[in-house]
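What follows is a set of notes on a single structure, which appears directly below.
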Amino acid sequence: MYIENTQVHLPHYWKIAVYMLLYFQNMSIPLITINLVVLNGEKYIRHCLDGILNQTYPKELLEFNILDNGSLDNTASIIENAKFKNQNVKFLKWDLIKSKQNLGMWPGQEELLKYSSGKYVLAMAVDVILDRDFIKNAVEVMEKDPRIGALEAKIYKYELSDLRFTIYDLPKDILDTCGFEIFKSRRVANIGHGQKDGPEYNKEKEIFGVEGAAPFFRRGAMEDIRVDGEFCDHDFFWYGDDLDFAWRMNLFGWKQIFAPSVVAWHDRQTTKSLKKNWLDYILRVPVRRQIPIRKRQLDWRNLRWTIIKNDYTINILRDLPIILGREISVFGYAALFEPKVLLEFPNFLRLLPKMIGKRNEIMKKATVKPEDIRRWFN
C-alpha cells in the first residue's frame, strides 16, 4: 500500500511556545486531533473545511489530519488549495495523507491515529458540517468525567441546497441522529432520526452508542478497546463499524454521552428510518433500492457479526424469541425484495470462525456484567 504524506507544519518555535503554554496552564486546555477520511467528496469538502476552520477552540491546540482514500475527483486539489489560502490559520499541524487505495472509512480513521497526538480525537465524515463551538463544547463535556469514552453531538439533517450563503444558515429543525439506541430484537436505530427537534432532545444523557458521522473520542478509550491490535474491525471494511466499537466501549466500561450543546449537521445519503412492521418494510422498498447493493450487503453482514462478537450469550438467550422473529422478518424481506443481499451469506459464513475468535478476545477483556448491558435493550 502506498501512502503519501503532504504536511503543512507550524515553525518549530511555534510548537515550543504551544508546549510551554500547555505546561504553564497545567494541561488545562487539551490538544485536540481532527481526523477526516474522505473519498470522492468534492461536493462536500469545502463546506466541511469551513466548519473546521471556523472553530472557536484555540487553533494552536488543534491538529488536523486528512486521509484522501484514493479519490478520483478533485477532492485532493480542493484540500491543497484550501491549505494554501488559509496559511494564516495556525493549526498545530495540517497533514494531508494520500492513499492510492480505498482503506475503508474506519480503517482509514485508524490509519490517521498514527499521526494523532491529541487527548481527544474528532473522527469526521466529509458530509458533516460542524457548529463553530463544536469542539469547545465537546471538550467541556468530556472533561467532566474521565470515564466518558465518546461523545455524540446533536446532529441535524441538512442538504446541499441549504448552503446558499453561509454554512451557518443551516436549519436546526429536523434531526439526523442523537446516537444509537438498540432494541431487544437487536434492531439498531438512530435516536431522533427524521424527527423534529424538541425538548426531549435537549437533555445530556448516557446512550448505548455514538454514531459514526462525527464522534468525539477520548484517545485513551480508543486504545483501551483495541482487539487484536485493531480499534475498528478491518474485516468490516465499511458500514457498521461504529456500532461494533460502540458496543465494545460498553463492554469495557466506557460511558458514551449525548451532549445537545455540541451541534453539527449531516447530509445522510441513506436513511435508517424506524421499521415497525411489514407495511413499513414494503413502503421502503423504492427507497432502499436507491442504496448501493454493496452497502446493503455490508449492513446486513456487519450487524450480525457485531452481535456475534459482542452480545453476551445469556442476553441472547433471554431475548431469543424476539431476535429470531426479527431475523425471520429480515430474511423474508430480503428473499422477496432484495435477494442480492443474501449473496453475502457465503462471505458471512467464511469469516464466522474468525469473528468467534474475536468474540473470545473481547469477552476476556469485558468488565461490565450482562445485566448492565441488558439495560440498553428497549
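In the working numbering, the protein residues as written are 649 to 1026. Each residue gets a CB set at the ideal place from its N, CA and C atoms; glycine is no exception.
1. With the cut-off set at 7 Å, would you say Lys832 and Ile1021 are in Cβ contact?
2. Taking all protein chains shown into account, do 16 or more other C-beta atoms lie within 10 angstroms of the C-beta of Thr704, making it buried, or fewer, making it exposed?
3. Once the 5 residues before and after Ile822 are set aside, which same chain residues still bring their CB inside 8 Å of it?
4. Figure out for me which residue from Gly860, Tyr960, Ser725, Phe906 has the closest Cα to the Cα of Asn785.
5. Assuming Tyr981 is part of the beta strand (DSSP E), what are its boundary residues?
6. List the whole-angstrom C-beta distance separating Asp890 from Val910, where the pair is believed to meet the contact cut-off of C-beta under 8 Å.
7. Could you spell out where the alpha helix (DSSP H) holding Glu1019 opens and where it closes?
8. Classify Thr723 as helix, strand or coil using the three-state DSSP reduction.
9. Is the stretch 767-776 touching the stretch 738-746, taking contact as three or more C-beta pairs under 8 Å?
10. Label Asp716 either buried or exposed according to how many other C-beta atoms from any shown protein chain fall within 10 Å of its C-beta, with 16 as the threshold for buried.
11. Excluding the 5 residues flanking Arg834 on each side, which residues of the same chain have their C-beta closer than 6 Å to its C-beta?
12. Using the DSSP secondary-structure output, state which residues sit across from Thr681 in a beta bridge.
13. Can the beta-carbon of Asn683 be found closer than 7 Å to that of Gly718?
14. Assuming Ile1010 and Lys957 make a contact with CB atoms under 8 Å, what is their CB distance in whole Å?
15. For Val1016 versus Leu899, is the C-beta distance shorter than 7 Å?
16. Along the chain, where does the alpha helix (DSSP H) that runs through Gly1005 open and close?
17. In chain order, what residues of the same chain have a beta carbon less than 7 Å from the beta carbon of Ile726, not counting five sequence neighbours either side?
18. Candidates Gln735, Ile677, Asp881: which alpha carbon is nearest Glu788's?
19. Which two residues bound the contiguous alpha helix (DSSP H) that contains Asp947?
20. With DSSP run on the structure shown, which of helix, strand or coil describes Leu687?
21. So the candidates are Arg937, Pro1001, Lys853, Phe884; which of them puts its Cα closest to the Cα of Trp1024?
22. Taking the continuous alpha helix (DSSP H) assigned at Arg936, which residues delimit it?
23. With H, G and I counted as helix, E and B as strand and the rest as coil, what does DSSP make of Arg866?
24. For Gln735, count neighbouring C-beta atoms within 10 Å of its own C-beta (all shown protein chains included) and say buried if the count is 16 or more, exposed if not.
25. Could you give the DSSP three-state label for Ser764: helix, strand or coil?
26. Kindly indicate the opening and closing residues of the beta strand (DSSP E) around Gly699.
27. Using only the alpha-carbon positions, how far apart do Asn838 and Ile830 sit?
28. DSSP puts Asn838 in a beta bridge; with which residues?
29. Using CA atoms only, rank isn't needed, just tell me which of Leu811, Trp886, Leu710 is closest to Pro819.
30. Below 8 Å on the Cβ atoms is my guess for Asn950 versus Gly888; work out the distance and round it to an integer in Å.
31. Rounded to whole angstroms, what is the Cα-Cα separation between Arg936 and Leu984?
Short version:
1. no
2. exposed
3. Tyr804, Lys805, Gly842, Gln843, Lys844, Asp845
4. Phe906
5. Premise fails: Tyr981 lies in the alpha helix (DSSP H), 968-985, not in any beta strand (DSSP E).
6. About 17 Å; that fails the 8 Å criterion.
7. 1018-1022
8. helix
9. no
10. buried
11. Ile955, Ile971
12. Glu711, Val769
13. no
14. 6 Å
15. yes
16. 1000-1013
17. Glu690, Ile693, Arg694
18. Ile677
19. 941-958
20. coil
21. Lys853
22. 933-936
23. strand
24. exposed
25. coil
26. Not the beta strand (DSSP E): Gly699 falls in the alpha helix (DSSP H), residues 693-701.
27. 9 Å
28. Phe828
29. Leu811
30. 3 Å
31. 13 Å
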